[in-house]
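Visitor: Structure in structure tokens, see below.
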Amino acid sequence: MTTDSLPSGTVTLLFSDIEGSTQLLSRLGERYGEALSAQRSFLRSEFGRWGGTEMGTEGDSFFVVFPSATDAAQAALAAQRRLHAHDWPEGVPVRVRMGLHTGEPLRHEDGYIGMDVHRAARIAGTAHGGQVVLSATTAELVAGHLAEVDVQELGWHRLKDIPEPQHLTQLVAPGLPHDFPPLKSLGTTTNLPVTTTPIVGRAGELAELAALVADPQVRLVTLTGPGGSGKTRLAVAVAQLVEALRPDGVYFVALSAVTTAEVMWSTVGEVLGMPGEGRAPPTFFEHIAEREMLLILDNLEQVTDAPLVVSGLLAHAPGLAVLATSRRPLHVAGEYEHPVPPLEVPSLVNVDADVASWGAVALFVQRARMVRPHFELSDDNAADVVEICARLDGMPLALELAAARTKLLSPHALLGRLDKSLELSGAEVERPDRQRTLRNTIAWSYDLLTEEQQAFFRQLGVFAGGCDLDAMAAVVAGDMDPFDEVAELVDVSLVTVRDGVAGEPRVTMLQTIRAFARERLHAAGEWDSSSRRHAQHYLAVAEEFSLQLRGPQFMVARDRLELELDNFRAGLEWCLRLVPDGTQGGEDDAVTGLKMCEVLSWFWYTSGYATEGRQWLERAVERAADRETPELTGALHGLGVLLEQQGEAEQAKRIFERCLEFWRRAGDIRNTALELNSLAITHRSLGDVDTARLLSLEGMKLARDIGADSRLATALSTLSMLELDSGEPNRAIALLEEALVIDRRLGNSWGTTVDQVNLVAARTQAGQLELALKELRGFIDVAVSLNDVDLTIAIIELMAALWAELGDARRAARLSGTAEAMREQANLPRPAVEEVLLASSLAKVRPLLDAEGWTSHVDDGRALSAEAAIAEGIA
């Protein structure tokens, strides 16, 4: 294919792949090839029939370009119809997700580059199998041009690495599925949870609260009350009423699994789509300072420092308001507290025709109809329903749990069992009435389970942030089928299920129900054994996916690790715990914690969690400081890497020296090579290039001697940087070309990208400017997609140096300004040696502008987003 044969100008880009291909392979075994071939045949046939040009096929994925948006949509629908109608092997359907975006990508060699390509791929990544998702541009072009086909609104969504929200739609055609779960995006400017039923019994409160939250003078409203009183549901309903008043969006932040201020900052920042290194003060505040938005902070009671976080948010963002839910007020200046009462219950004395209008009865009836569609209030059951509502004090969660049992029990039978199940014990008399009632309502549902189901349920309490079926099978003791047991718990409203990775079910619990499960787990004497299995399982998860971070599945692995962050945190908290008498937990558990810290350290380093990772590593190292072990040394190394990243090179050097001494004594050559390279990097940061060179050469020799290719590639890369520091770019190029060959052979996508970035830097210094720019354009989309803040900054600085060498003073100044701002926001200081190299390039063009002009362009650059700066740098 030649460049001249490619569609030009405005084109429509289509990306597709099979949803859940790994699970499909597992289920079909040898017949997977048959399914894959059929999928390829159908798609290739329809894409070609509608004028598509196939740009690339890898595994089960396609990248196709169409001159016409309408033809692209027709091709997608035709392909989906053939997939939907096919008789698949073993009756296991193959579901393909597709994303379309129309734009004007840059033509480059035999393909396309630019953000339009990146945007189309990200849109496809949000879709589910069988779904065709369109960008707003494509939707506008095809609307009204497809017979019997509708374009359905999906709202505004945030996509990874694309700062602006994207307006997305889907194609809806006769004979094809059209009901899909929410898109797999980072969230929308209004990311409120989807509510499947209308809120009942709260009309007066809704109006009052909506008026309060809409008042520009009111910055903080806290809904208080016991667990299960409906605080979250009420907060969401209020936000739905006022969202149009907040031009920068309404964001729901679930904090039930959070216990510290640091994790609270990180969680809020993640929901707001901030880069990893910007999710902590003071850089956090720069992202929100000018935004007019509403934050719903849900479940704050367990976060001791929540008042400090909320105060910081309000102080640094004048246009921001907070609607919080908590079991107690925050006691922050300017707080408006709104206690959430139970739903109103009619009098037991006068049960009349209007009984259905009372909030508690309306909720009970609504939920009863969800499990028994023809349930109706009648003269025969109204009194029993009213009494059930009264016995449960109108508490929404209690009513929902009770109503779920109407699938099997009449209200009268339900009332009889309710009386027995909610009998109070002496130990609980001091609890508030509503809390006693809610707790016993949960206990009642628990008591109706079989002994095996009870054991299964209480062990689920050990999870944080949800879990998948594999985790349940590994952690929950006993001979039980997780799928069947979860189905039973869903049926009685004790757990909820949502789609997780590749559409696999992910099980979650309400916070109050999880607290009850944990009480029962402690009472059964199973807390430690369950927590130990939980920690060991998530150590295995961390080990599996952390290894993939150094391979071609970097982004998949990072997303999976982020999904399980709350479980990693819970596992580390337990492994590194203090027991009630103040002594530390078991040594074996501490070793598990050390191992988890060690394997997660690379994830923390590459994914923007350096501050949190450093805190866990410091805690783990302190916990095990009394003895030298491989686990302790591995955790120390991870801590040194994060310290080096944050500019604390002297402290990192001492740690790496300690690690090096340990591995030398142990005779471990591979890890010795690792520490020598880390020490070389640290000495380079400290300006001691000669020592760095000696250490790097020694590490490189050891790596060659034992055939450790990954270590060798890293050592070659480090030595190349030292050659650049010494003004020997041609030597650096030779070293980097060797490193690049190794990393490509190993499939290390992150390492390959770093090699390519360094190679462009070396070519720039060697005066190979046109080649450097060409190579940079060739890999920039992949580099940006890694979403590594440190690497992105390095690329923008490299662009600034490259354009300075090319004589473009304006562009060099703007890009240097962007890099400066990003370093300040991410708290990533530039090493002194790299400062010298960049300054040397910029000095060549600075005289081309007067001082005022240079400063003006730098300031303009500081206001650019990373995406905009990169687009300018490769134009």
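Take the sequence shown: its position 233, counted from the start at 1, is 659 in our numbering, and no numbers get skipped. Even for Gly, the Cβ is constructed at its ideal location relative to N, Cα and C. Since this is a predicted model, take the numbers as computed values, not measurements.
For residue 613, is the classification buried or exposed, using 16 other Cβ atoms within 10 angstroms of its Cβ as the cut-off for buried?
Guide: Bear in mind that a pLDDT of 47 at residue 613, under 50, signals an unreliable position, so the model cannot answer this.
Visitor: Who are the Cβ neighbours of residue 1071 in its own chain at under 8 Å, not counting the five residues just before and after it?
Guide: 1031, 1036, 1216, 1254
Visitor: Helix, strand or coil for residue 981 per DSSP?
Guide: helix
Visitor: Looking at the unbroken beta strand (DSSP E) that takes in residue 925, where does it start and where does it end?
Guide: 922-925
Visitor: Which runs of the alpha helix (DSSP H), 4 residues or longer, sit entirely within the segment 1132-1214?
Guide: Listed in chain order, they are 1135-1151, 1155-1172, 1175-1191, 1195-1211.
Visitor: What do you get for residue 909, buried or exposed, if any count of 16 or more other CB atoms within 10 angstroms of its CB means buried?
Guide: exposed
Visitor: Helix, strand or coil, according to DSSP, for residue 561 in the structure here?
Guide: Strand.
Visitor: Under DSSP, the beta strand (DSSP E) around residue 752 begins and ends at which residues?
Guide: 747-752
Visitor: Would you call the CB atoms of residue 679 and residue 749 closer than 8 Å?
Guide: no
Visitor: Taking the C-alpha atoms as reference points, what is the distance between residue 783 and residue 665?
Guide: Roughly 24 Å separates the two Cα atoms.
Visitor: Is the segment 894-910 close to the segment 866-876, with three or more CB pairs under 8 Å?
Guide: No, the segment 894-910 does not touch the segment 866-876.
Visitor: Leaving out five residues before and five after residue 1230 in sequence, what residues of the same chain have Cβ atoms less than 7 Å from its Cβ?
Guide: These residues qualify, in order along the chain: 1238, 1267, 1268, 1270, 1271.
Visitor: Please name the residue in 495, 1065, 522 whose C-alpha comes closest to that of residue 1027.
Guide: 1065
Visitor: Just to confirm, are residue 1172 and residue 1136 a CB contact at a threshold of 8 Å?
Guide: yes
Visitor: Helix or strand or just coil, what does DSSP make of residue 549?
Guide: helix
Visitor: Indicate whether residue 1302 and residue 1016 have their beta-carbon atoms separated by less than 8 Å.
Guide: No answer is possible for residue 1302: it lies beyond the span of the chain, which begins at 427 and ends at 1301.
Visitor: Considering only DSSP beta bridges, list what residue 529 is partnered with.
Guide: 437
Visitor: Residue 1149: buried (16+ other C-beta within 10 angstroms of its C-beta) or exposed?
Guide: By the 10 Å Cβ count, residue 1149 comes out buried.
Visitor: Would you grab the beta carbon distance between residue 460 and residue 515 for me? Rounded to a whole angstrom, and I think it's under 8 Å.
Guide: 5 Å
Visitor: Counting C-beta neighbours from all protein chains within 10 Å, is the total for residue 1284 16 or more, i.e. buried, or is it exposed?
Guide: buried
Visitor: Using the three-state DSSP reduction, which class does residue 487 fall into: helix, strand or coil?
Guide: strand
Visitor: Measure the C-alpha to C-alpha separation of residue 1038 and residue 1048 and round it to an integer number of angstroms.
Guide: 16 Å
Visitor: If you measure between the beta carbons of residue 1259 and residue 1131, is that distance less than 8 Å?
Guide: Taking C-beta atoms as the reference points, residue 1259 and residue 1131 fail to come closer than 8 Å.
Visitor: Which complete beta strand (DSSP E) runs does the segment 435-475 hold, if anything under 3 residues is left out?
Guide: 437-444
Visitor: Give me the residue from 844, 527, 655 with the minimum Cα distance to residue 811.
Guide: 844
Visitor: Under 8 Å Cβ to Cβ from residue 901, same chain only, skipping five residues before and after it: list those, please.
Guide: 885, 888, 889, 893, 956, 959, 960, 963
Visitor: From the DSSP output, which residues share a beta bridge with residue 523?
Guide: 443
Visitor: Across which residues does DSSP place residue 765 in a beta bridge pair?
Guide: 650
Visitor: Is the distance from the Cβ of residue 578 to the Cβ of residue 595 below 8 Å?
Guide: Cβ atoms of residue 578 and residue 595: closer than 8 Å.
Visitor: Would you identify the three-state DSSP class for residue 714, choosing helix, strand or coil?
Guide: helix
Visitor: Residue 931 bridges to which residues according to DSSP?
Guide: 925
Visitor: Strictly by DSSP, which residues pair up with residue 722?
Guide: 678, 749
Visitor: From this set, 487, 663, 1122, 794, which residue's C-alpha is nearest residue 386's C-alpha?
Guide: No statement about residue 386 is possible, as the shown extent of the chain runs from 427 to 1301 and does not include it.
Visitor: At the level of alpha carbons, what is the spacing between residue 503 and residue 793?
Guide: Residue 793 has its alpha-carbon roughly 38 Å from the corresponding atom of residue 503.
Visitor: When you compare the CB positions of residue 921 and residue 934, do they come within less than 8 Å of one another, or not?
Guide: yes
Visitor: Using only CA atoms, which one of 1257, 1220, 1262, 757 lies nearest to residue 1245?
Guide: When only C-alpha atoms are compared, the closest one is 1220.
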